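Written out below as structure tokens is the structure these notes cover.
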Amino acid sequence: TPGAAALMIGMADGDGRALLNLVEQVAAERETLDEAGLQKRVTRRAPVFDKSGDSHYNLISALHKSVRGSDPDASLYWLARMLEGGEDPRYLARRITRMAVEDIGQADPQAAQICLTAWETYERLGSPEGELALAQAVIHLALAPKSNAGYAAFKAARRAAKRTGSLPPPKHILNAPTRLMQDEGYGAGYVYDHDTADAFSGQDYFPEEMEPERFYAPTGRGAEGRIKARLDDLRARREKREG
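In structure tokens:
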């Protein structure tokens, strides 16, 4: 019937070879089929998705970039595509949490916790009900203010650590539980920050042989705007003390 023909085209999902296979299956029945008869005799074609191949990586990339680009509609679409294709929701929960850490960070400190809660909700509810929690987390991430400042800062700090990994901490911040350590200058000159105004002494905590570096450059977006104001004030006071 015309309705069955339209349904068959939809089942093929744009794949000409799949449509041809469906036509061959129907022709073998040697009878006229309506929509109900067609659904009984052929299996709906699953979406094209290879969990171990390029499609797997292409779709998770599409989801990640849609979240980063603050498009909740596209983000939901790619999440649905992966779930419909049989992707493990736990893998998606892990990747969604990674997005919160890498692309939102301190701009919305609650984002990672929301993802972890969604993950836990899925573990308790399972599919399909628990998948809604993942969708809600994706919506939150897509609409959250974005910052990769923490991600970039940690990468820079690790590069510095690899370059200067043999340098010891400065002696003034080392504990001195023995007389020998005290005689060697451990802990000498350390200022207990809680004994100072605003609990900030402005001391140098980098190795003595290393110039202090600035790794973290917060944005002014979301909650990170308040962090930036606080850090700017602390750095200015530290520079004044050192100057």
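Using the working numbering, the letters of the sequence shown correspond one by one to residues 12 to 254.
Don't be surprised by glycine CBs; every beta carbon is placed ideally from N, CA and C.
Keep in mind that this is a model prediction, so the values were computed, not measured.
Query, Result
"Same chain, Cβ closer than 7 angstroms to GLU224, five either side skipped, listed in chain order", "ALA171"
"Contacts around GLU253, its chain only, beta-carbon distance under 8 angstroms, and the 5 residues preceding and following it disregarded", "GLY213 and ASP215"
"Local Cβ density within 10 Å of ALA57, reported as buried at 16 or more and exposed below that", "Here ALA57 scores only 45 on pLDDT, less than 50, and its place in the model should not be relied on; the value that follows carries that caveat. The residue in question, ALA57, is exposed, as its Cβ has fewer than 16 Cβ neighbours within 10 Å."
"Beta carbon proximity, ARG232 to chain D, threshold 8 angstroms", "Going by chain labels, chain D is absent from the structure shown, which holds only one protein chain."
"C-alpha gap between ALA160 and ARG241, whole angstroms", "15 angstroms"
"Boundaries of the alpha helix (DSSP H) in which GLY200 is found, first to last residue", "Premise fails: GLY200 is in no alpha helix (DSSP H) and is neither H nor E."
"Unbroken alpha helix (DSSP H) run spanning LEU154, endpoints", "142-154"
"Inside the region 168-222 only - alpha helix (DSSP H) runs reaching at least 4 residues", "190-194"
"Cβ contact check for the region 154-168 and the region 110-126: 3 or more pairs under 8 angstroms", "yes"
"Validate contact between the region 200-213 and the region 132-142 using beta carbons, cut 8 angstroms, 3 pairs", "no"
"Contact set for GLY4: own chain, Cβ-Cβ below 7 angstroms, skip 5 residues either direction", "The question about residue 4 has no answer here: the residues shown for the chain are numbered 12 through 254."
"As assigned by DSSP and simplified to three states, the class of GLY116", "helix"
"Nonlocal neighbours in the same chain, by C-beta distance under 6 angstroms from ILE150, ignoring five residues either side", "PRO83"
"Sequence-distant residues of its chain with Cβ nearer than 7 angstroms to GLN193 (five each side left out)", "ALA187"
"Which listed residue (GLY176, THR132, GLY80 and ASP65) has its alpha carbon closest to that of MET221", "GLY176"
"Of the residues MET93, ALA17 and ASP114, the one placed nearest ARG232, counting alpha carbons only", "ASP114"
"For PHE226, three-class secondary structure by DSSP", "coil"
"DSSP three-state assignment for GLY48, whether helix, strand or coil", "helix"
"8 angstroms Cβ cutoff met for MET110 and HIS75", "yes"
"Helix, strand or coil at LYS76 according to DSSP, with G and I counted as helix", "helix"
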